[in-house]
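>
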Amino acid sequence: MQILFRKLLQTTASFKQGIGRCTYSTHKVLDIGQPTPLTHPQLLKDGQITPGIYSEEYISRRKRLLELLPEKSLAIIAAAPIKMMTSVVPYTYRPDADYLYITGCQQPGGVAVLGHECGLCMFMPEATKHDVMWQGQVAGVDAALENFKAEKAYPISKLCDVLPDMIRRSSKLFHNMQTATQTYTELEAFQKASLVGKVEDISSFTNELRWIKSSAELKLMRESASIACQALLQTMLYSKTYPYESMLAAKVEYECRMRGAQRMAFNPVVGGGSNGSVIHYSRNDQKIRDGDLVLMDVGCELNGYVSDLTRTWPPCGSFSSAQYELYDLILQTNKLCINLCKPGASIRQIHNYSVEMLRKGLKEIGILRDSGSSSYHLLNPTSIGHYLGMDVHDSFAVSCDRLLKPGDNN
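Residue numbering for the sequence shown is 8 to 417, as defined by this note's numbering.
(1) What is the DSSP secondary structure of F197, reduced to helix, strand or coil?
(2) List the whole-angstrom C-beta distance separating E64 from A223, where the pair is believed to meet the contact cut-off of C-beta under 8 Å.
(3) Quick check on this structure: which residue in Q114, G111, I60, W218 has the alpha carbon closest to the alpha carbon of V405?
(4) List, from N- to C-terminal side, the beta strand (DSSP E) runs of 3 residues or more that fit wholly inside the segment 114–181.
(5) Can you list, in chain order, the residues of its chain with a C-beta nearer than 7 Å to that of D38? Leave out the 5 residues immediately preceding and following it.
(6) To the nearest angstrom, how far is it from the Cα of K165 to the Cα of G396?
(7) For I66 versus K156, is the C-beta spacing smaller than 8 Å?
(8) Excluding sequence positions up to five away, which residues of its chain have a Cβ less than 6 Å from the Cβ of D398?
(9) Quick check: the Cα distance between R176 and G392, rounded to an integer number of angstroms?
(10) Looking at the strands, I want to know which residues DSSP matches up with M91.
(11) Which residues in the same chain have their Cβ closer than 8 Å to the Cβ of F422, if we skip the five residues on either side of it in sequence?
(12) Can you have a look at C29 and say buried or exposed, based on whether 16 or more other CB atoms are within 10 angstroms of its CB?
(13) Would you tell me roughly how many angstroms separate the C-alpha atoms of C307 and D172, rounded to the nearest one?
(14) Return the CA-CA distance between R101 and I374, expressed in angstroms with no decimal places.
(15) Is it true that the CB of V277 sits closer than 8 Å to the CB of V301?
(16) Is it true that the segment 250–267 meets the segment 290–297, where meeting means three or more beta-carbon pairs spaced less than 8 Å apart?
(17) Quick one: what does DSSP say T213 is sitting in, helix, strand or coil?
(18) For G414 and I56, what's the separation of their Cα atoms in angstroms?
(19) In chain order, what residues of the same chain lie with their CB nearer than 6 Å to the CB of S32, ignoring the 5 residues before and after it?
(20) By Cβ distance below 8 Å, which residues in the same chain neighbour T340 in space, the five residues on each side in sequence not counted?
(21) Which residues does DSSP list as the beta-bridge partners of A82?
(22) Taking the alpha-carbon of P350 as reference, which of D408, C323, V305, N310 has the nearest alpha-carbon?
(23) If you reduce the DSSP assignment to three classes, tell me which class G4 lands in.
(24) What does the alpha-carbon distance come out to for the pair T4 and A146?
(25) Tell me the DSSP secondary structure of V285 in three-state form.
(26) Between which two residues does the alpha helix (DSSP H) holding D335 run?
(27) Report the start-end ranges of each alpha helix (DSSP H) in the segment 229–267 that is 4 residues or longer and not cut off at the edges.
(28) What's the C-alpha gap between L51 and L170?
(29) Should F403 be labelled buried (16 or more other beta-carbon atoms within 10 Å of its own) or exposed?
(30) Helix or strand or just coil, what does DSSP make of Y61?
(31) Can you find at least 3 beta carbon pairs, one from the segment 319–337 and one from the segment 351–358, that sit closer than 8 Å?
(32) Using the Cβ count rule (16 or more neighbours within 10 Å means buried), how would you classify K220?
(33) What does D208 pair with, by DSSP beta-bridge criteria?
(34) Ordered along the chain, which non-local residues of its own chain (more than five positions away) have a Cβ less than 6 Å from that of E262?
(35) Where does D299 sit, in a helix, a strand or coil, going by DSSP?
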């Protein structure tokens, strides 16, 4: 009945639209399962594959990856699998960052192959009428060629016929082990290559590329951070009236989504009182007591790029003298560390500086007995920060000892 009702609504809407205007058109706007400049002009400009990122940038990324790969080698990157919440209900899909980074495809089911001879070859899912009815349209072979600018494209059913030959002609294989799919790992050619040590993880290459952000990526990251900041400010104002962890988590997500974020970057950490010391606290089920502080660690995702920030405040409206003394120490350390975030410094150096400042300050206010005490690590077992980008812990394979560089303006 639900499907019948939807069909009737669609038919009625189409009829009404046809009354006041011509229903004939020589131009058909195709739905490829994700926004395009034609279907979503409010999101994408002409030439953009994803909001803010033009096709030239995706092509440049693939070219730079090929420059890093050994001669005659092949890169295989599969889309992230669909994860199920129950037997028939999937979680909201999020594409694998490496797959999205080189293709611009935000949908599941595909496998991208990159090689010096073939360029980008995409194997695309084939949607049945049943799939389209329940999940909507998906990008196929035509979209791979026209929208994602692949040099070659095949339906996924042809992978077993085409990919083995490509593997046999390659000197080495690199693939994303985190999203590896049996679609290609069970191929005899792949298994033979693996047995002789020809298969390696591609993350060291893709992490290297993603470490330096383009001007377009930096713009998206700033917009994502701006949304999270505005949402957090609104949540702070809300917290005095509604001092509940669950309500504050709901409020910050609502404010992020209302400002254009597609999702949260991770489940919000909203810890009142002692819950704030649990690093990845996620229960968010307690009332915040009068006089307690609340710590919120949040971030949102905007068009594939995430933010991550942490703030602590008193929902009651004011700090106690002890709370203010500790808060001010951390705030001043934070400001000094931000000033150190310049080309030539490393995250490790900045972290070590923060440890030195906090140990000294904690000793002065009487929390630590001496500045060299190992007890400090019980109070703060985390690092000053991490790389950020398409993932919350972006470019995880890049060392924190690497000297920071400015973004790419190209």
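We put the CB at the ideal spot given by N, CA and C, even for glycine.
To lay it out plainly:
(1) Looking up residue 197 in the sequence shown gives position 190. Correct three-state label for F197: helix.
(2) As a first step, residue 64 is located in the sequence shown; it is residue number 57 there, counting from the start. As a first step, residue 223 is located in the sequence shown; it is residue number 216 there, counting from the start. So it is a contact: roughly 6 Å between Cβ atoms.
(3) Residue numbering aside, residue 405 sits at position 398 when the sequence shown is read from its first letter. For V405, the nearest C-alpha among the options comes from W218.
(4) 118–122, 126–131, 159–162
(5) One-based indexing of the sequence shown puts residue 38 at position 31. Only T46, Q144 meet the Cβ criterion.
(6) Along the sequence shown, one-based indexing puts residue 165 at 158. Along the sequence shown, one-based indexing puts residue 396 at 389. Rounded to the nearest angstrom, the two C-alpha atoms are 34 Å apart.
(7) Here residue 66 corresponds to residue number 59 of the sequence shown, with the count starting at 1. Here residue 156 corresponds to residue number 149 of the sequence shown, with the count starting at 1. It is a contact, given that the beta carbons lie within the stated cut-off.
(8) As a working note, residue 398 is residue 391 in the sequence shown. Here the set comprises A104.
(9) Your numbering for residue 176 matches position 169 in the sequence shown. Your numbering for residue 392 matches position 385 in the sequence shown. Taking the straight line joining both Cα atoms gives about 43 Å.
(10) Translated into the one-based positions of the sequence shown, residue 91 becomes position 84. According to DSSP, which records beta bridges pairwise, M91 is partnered with P97.
(11) Coverage of the chain is limited to positions 8 through 417, which leaves residue 422 absent and any answer about it impossible.
(12) As a working mapping, residue 29 is identified with position 22 in the sequence shown. Confidence at C29 is low in this model, with a pLDDT of 42, below 50, so its placement is unreliable and the value that follows should be read with caution. C29 should be labelled exposed.
(13) Reading the sequence shown from its first residue, position 300 is the one you call residue 307. Reading the sequence shown from its first residue, position 165 is the one you call residue 172. Their Cα atoms are separated by approximately 42 Å.
(14) Walking along the sequence shown from the start, residue 101 turns up at place 94. Walking along the sequence shown from the start, residue 374 turns up at place 367. Roughly 43 Å between the two C-alpha positions.
(15) Stepping through the sequence shown from its first residue, residue 301 is reached at position 294. Stepping through the sequence shown from its first residue, residue 277 is reached at position 270. Yes.
(16) At 8 Å Cβ cutoff, the stretches touch.
(17) On the sequence shown, residue 213 is found 206 positions in, with the first residue counted as 1. Helix at T213.
(18) Reading the sequence shown from its first residue, position 407 is the one you call residue 414. Reading the sequence shown from its first residue, position 49 is the one you call residue 56. Going by the C-alpha atoms only, they are around 21 Å apart.
(19) In the sequence shown, the residue the question calls residue 32 occupies position 25. For S32, the pLDDT reaches just 46, beneath the cut-off of 50, and the residue's location in the model is therefore unreliable, although a value from the coordinates is still provided. Hits under 6 Å: none found.
(20) Counting from one through the sequence shown, the residue named residue 340 turns up at place 333. Excluding sequence neighbours, T340 sits near S361, M364, L365, G368.
(21) Locating residue 82 in the sequence shown gives position 75, where the first residue counts as 1. Looking at the DSSP assignment, A82 forms a beta bridge with L121, F181.
(22) As a position in the sequence shown, residue 350 is number 343, starting the count at 1. Checked all of D408, C323, V305, N310; the closest Cα to P350 is D408.
(23) No answer is possible for residue 4: the residues shown for the chain start at 8 and end at 417.
(24) This structure gives no information on residue 4, because the portion of the chain shown stretches from 8 to 417.
(25) By 1-based counting over the sequence shown, the position of residue 285 is 278. Three-state result, V285: coil.
(26) The sequence position of residue 335 within the sequence shown is 328, counting from 1. Residues 328–347.
(27) Segments of the alpha helix (DSSP H) lying fully in the segment 229–267: 252–265.
(28) Here residue 51 corresponds to residue number 44 of the sequence shown, with the count starting at 1. Here residue 170 corresponds to residue number 163 of the sequence shown, with the count starting at 1. Going from the Cα of L51 to the Cα of L170 covers about 33 Å.
(29) Numbered from its first residue, the sequence shown carries residue 403 at position 396. The residue in question, F403, is exposed, as its Cβ has fewer than 16 Cβ neighbours within 10 Å.
(30) Along the sequence shown, read from residue 1 onward, the residue named residue 61 stands at position 54. Reduced to three states, the DSSP call for Y61 is strand.
(31) These segments do not touch.
(32) Mapped onto the sequence shown, residue 220 falls at position 213. With 16 or more Cβ atoms within 10 Å of its Cβ, K220 is classed as buried.
(33) Translated into positions along the sequence shown, residue 208 becomes position 201. H182.
(34) Position 255 of the sequence shown holds residue 262. Around E262: A238, Q241.
(35) Numbered from its first residue, the sequence shown carries residue 299 at position 292. In this structure, D299 counts as coil in the three-state DSSP scheme.
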